[in-house]
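Here the structure is laid out as structure tokens; the discussion comes afterwards.
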Amino acid sequence: MTKKSLSIILILILLTLGLATLATTSGCGATSSTTSTEDSSSEESEDSSSTENATELPSMPTGLAATAGNLSVSLSWTEVEDATSYNIYWGTSDSITTDNATKIDDITDTSYSHTGLTNGTTYYYILTAINSVGESDATSAVSATPALSWTTSTLISTGAAGQFSTIAIDSNDKIHIAYYANYGSGDIGLRYYTNQSGSWVEETVDTDGISESISIAVDSDSGIHISYYSTNGYNLKYAYKADDSWTKATVDSTGTMGQYNAMAVDSSNSKIHIVYGDVTLGSLKYATNTIGETDTWNRTIIDSSATGQVHASIALDSNGTAHIAYRQATSTLKYVTGSLNSWSTPVTIDSGGVISDTSIALDSNNKVHISYYKGGETKISYATNTSGSWVADELTDSYCGSSGKHTSIALDSSDNIYISYYKESSTYSALKIIMNIDDTWDDATIDEDSDEDGTGKYTSIAIDSTDKIHIAYYQSNGSNLKYAVSD
Numbered sequence: 007m008t009k010k011s012l013s014i015i016l017i018l019i020l021l022t023l024g025l026a027t028l029a030t031t032s033g034c035g036a037t038s039s040t041t042s043t044e045d046s047s048s049e050e051s052e053d054s055s056s057t058e059n060a061t062e063l064p065s066m067p068t069g070l071a072a073t074a075g076n077l078s079v080s081l082s083w084t085e086v087e088d089a090t091s092y093n094i095y096w097g098t099s100d101s102i103t104t105d106n107a108t109k110i111d112d113i114t115d116t117s118y119s120h121t122g123l124t125n126g127t128t129y130y131y132i133l134t135a136i137n138s139v140g141e142s143d144a145t146s147a148v149s150a151t152p153a154l155s156w157t158t159s160t161l162i163s164t165g166a167a168g169q170f171s172t173i174a175i176d177s178n179d180k181i182h183i184a185y186y187a188n189y190g191s192g193d194i195g196l197r198y199y200t201n202q203s204g205s206w207v208e209e210t211v212d213t214d215g216i217s218e219s220i221s222i223a224v225d226s227d228s229g230i231h232i233s234y235y236s237t238n239g240y241n242l243k244y245a246y247k248a249d250d251s252w253t254k255a256t257v258d259s260t261g262t263m264g265q266y267n268a269m270a271v272d273s274s275n276s277k278i279h280i281v282y283g284d285v286t287l288g289s290l291k292y293a294t295n296t297i298g299e300t301d302t303w304n305r306t307i308i309d310s311s312a313t314g315q316v317h318a319s320i321a322l323d324s325n326g327t328a329h330i331a332y333r334q335a336t337s338t339l340k341y342v343t344g345s346l347n348s349w350s351t352p353v354t355i356d357s358g359g360v361i362s363d364t365s366i367a368l369d370s371n372n373k374v375h376i377s378y379y380k381g382g383e384t385k386i387s388y389a390t391n392t393s394g395s396w397v398a399d400e401l402t403d404s405y406c407g408s409s410g411k412h413t414s415i416a417l418d419s420s421d422n423i424y425i426s427y428y429k430e431s432s433t434y435s436a437l438k439i440i441m442n443i444d445d446t447w448d449d450a451t452i453d454e455d456s457d458e459d460g461t462g463k464y465t466s467i468a469i470d471s472t473d474k475i476h477i478a479y480y481q482s483n484g485s486n487l488k489y490a491v492s493d
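In the numbering used here, the protein residues as written are 7 to 493.
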């Protein structure tokens, strides 16, 4: 055999061995990889395909429960293993079926919040499960009647705490309350109470002769802002807390300044807005500053004829423009809007009787809503420009006696109106609320006392991101700071 032939044979042998090794390696790897992939895919898709490739209808859901809330019903049920989604059927008839009810479909969770309902109306619900085959039988009907219910609690019962209370809610729905306290032995002043850390904590803000007129606001970074009137010098003062300590400043000290002040914070423009009375000049004044800067304040006179106690309130619209309600010369309710160097001509909204305790809020269309007390008629009153012109009405409730002192107004995400207020008679006192839902006013008692000077003074209302209502108030009978929240 020639050398050439031997070389050819050797090459063929080597090639054969190499291909066999390559085939074996490749085959093992491929087999291993393919086997692994097939096993993984099989495991991952087994559960999902069981519902997507179902061969029979899903089981009927069980455990359907309905819980009433304010203008809402919360539904929950037990998960159906062979279901991909659920259909909710609802109506106001107890003979509800899938044919005569309104359907809410494609629900993939095991709970649902049905909102936009009417308090006092009973709603009925049935539920079905869905998969690729079709729809299960419906459950038996459950029902719930939406209503506004409350939980009240005493936050502070030692000493005397809670006068001139004011409340604000931050972006995390934590509560912030400022108020006047007198714990005896000279321990008096402006206090602050919050559950921001998860539990309620009280802090001392200022002990320098605090009197009536306290207002609180929270910016988008959870910075706390408080404006207040100090009888030590009769000045308008301001306190700010961005971290662990309070910074305090005097906003105006050019006379008797700051009675019945109100504050709002515009986080988008980093501005603080305070409206207040100048008793010395008989004027309504306005001060503004940049958040975090406490030393330099820009001030201006809005109305030079606002004599006496102005009972001012302020709200900001979506453009950061201020809207202000106030009292002029005890018997006239007025409104003005604008900014530091540009104000509208004040408009008279209502007159007669003794006007006091104004509170202002804006709806989603920047329309104005004002609550106030009208002493001549001893009624809670309300004014709005939603129709394009101002309309003022006296509201009534179900109890006799003076009604509407210490008003505070807020609107929820659906522009429903809520006004908290204090009511008293010779044998009764209460924290009350009057609501306008779908153009119908209705009132309710939140907390009451068989004492003519007891529960419900200095109400302050705020609504959180879930439309829960929060109210801080004072109980004279016991001198307590109290708090109510809707359930």
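Note that beta-carbon positions come from the ideal geometry of N, C-alpha and C, so glycine has one too.
Asked                                                                                                         : Found
G410, buried or exposed, once every other Cβ within 10 Å from all chains shown has been counted against 16    : buried
Three-way DSSP call (helix, strand, coil) for G69 in this model                                               : coil
Contact set for E383: own chain, Cβ-Cβ below 8 Å, skip 5 residues either direction                            : G359 and E400
From V257, L417 and N125, residue whose alpha carbon lies closest to that of G283                             : V257
Where the beta strand (DSSP E) through T336 begins and ends                                                   : It is not in any beta strand (DSSP E) - T336 carries neither H nor E in the DSSP assignment.
Rounded straight-line distance, which links the Cα of G484 to that of T465                                    : 16 Å
E430, buried or exposed, once every other Cβ within 10 Å from all chains shown has been counted against 16    : buried
Nearest neighbour of S432, chosen from A167, G460 and N422 [CA to CA]                                         : G460
T134, DSSP secondary structure in three states                                                                : strand
Start and end residues, beta strand (DSSP E) containing D399                                                  : V397 to L401
Closest residue to G288 among T302, I278, D301 and Q265 (Cα-Cα distance)                                      : Q265
For S149: DSSP bridge partner residues                                                                        : Y130
Neighbour flag for S101 against chain D, beta carbons, 9 Å                                                    : The structure shown contains no chain D, having only a single protein chain.
Local conformation of Q315 per DSSP, three classes                                                            : coil
Proximity to H329 [Cα-Cα], best of Y129, A318, S99 and Y489                                                   : A318
DSSP-derived helix/strand/coil call for S419                                                                  : coil
Between the CA atoms of T68 and A89 - distance to the nearest angstrom                                        : 12 Å
Nearest neighbour of T472, chosen from D453, L417, A367 and E299 [CA to CA]                                   : L417
Rounded Cβ spacing between S476 and I415 (contact assumed at less than 8 Å)                                   : One point to set straight first is that residue 476 is His, not Ser, in the sequence displayed. Going by Cβ atoms, the distance from H476 to I415 rounds to 14 Å, so no, they are not a contact pair.
Strand pairing of N486, partner residues [DSSP]                                                               : Q481
Segment contact flag, the segment 97 to 116 with the segment 185 to 204, C-beta cutoff 8 Å, min 3 pairs       : no
Own chain partners of E458 with C-beta closer than 8 Å, once the 5 adjacent residues on each side are dropped : E430, S431, S432, T433, Y434 and S435
Through-space distance from Q202 to D143, alpha-carbon basis                                                  : 47 Å
Own chain residues within Cβ distance below 6 Å of I114, not counting five before or after                    : A small fix is needed here, since residue 114 is Thr in this sequence, not Ile. Around T114: S91.
Residue ranges of each beta strand (DSSP E) within the segment 334 to 369, 3 or longer                        : 338 to 345, 353 to 357 and 361 to 368
G229 in three-state terms, based on DSSP                                                                      : coil
Beta-carbon proximity of N267 to I278, cut-off 9 Å                                                            : no
Nearest neighbour of S228, chosen from D176, A312 and G195 [CA to CA]                                         : D176
Option nearest I216 by Cα separation, candidates T210, N238, H231 and I232                                    : N238
Whole-angstrom C-beta distance between A367 and I173, which should lie under 8 Å                              : About 14 Å; that fails the 8 Å criterion.
Exposure label - I443; buried when at least 16 CB within 10 Å                                                 : buried
Sequence-distant residues of the same chain with beta carbon closer than 8 Å to T2, five excluded per side    : Look at the range of the chain in this structure, 7 to 493, and you will see that residue 2 is not part of it.
Which listed residue (L196, T61, T127 and S101) has its alpha carbon closest to that of A74                   : T127
Pair within 9 Å by beta-carbon distance, S426 and L437                                                        : yes
Beta-carbon proximity list for T296, same chain, < 6 Å, skipping 5 on both sides                              : S276
Residue nearest to A312 in terms of C-alpha spacing, selected from A321, G195, I320 and A335                  : A335
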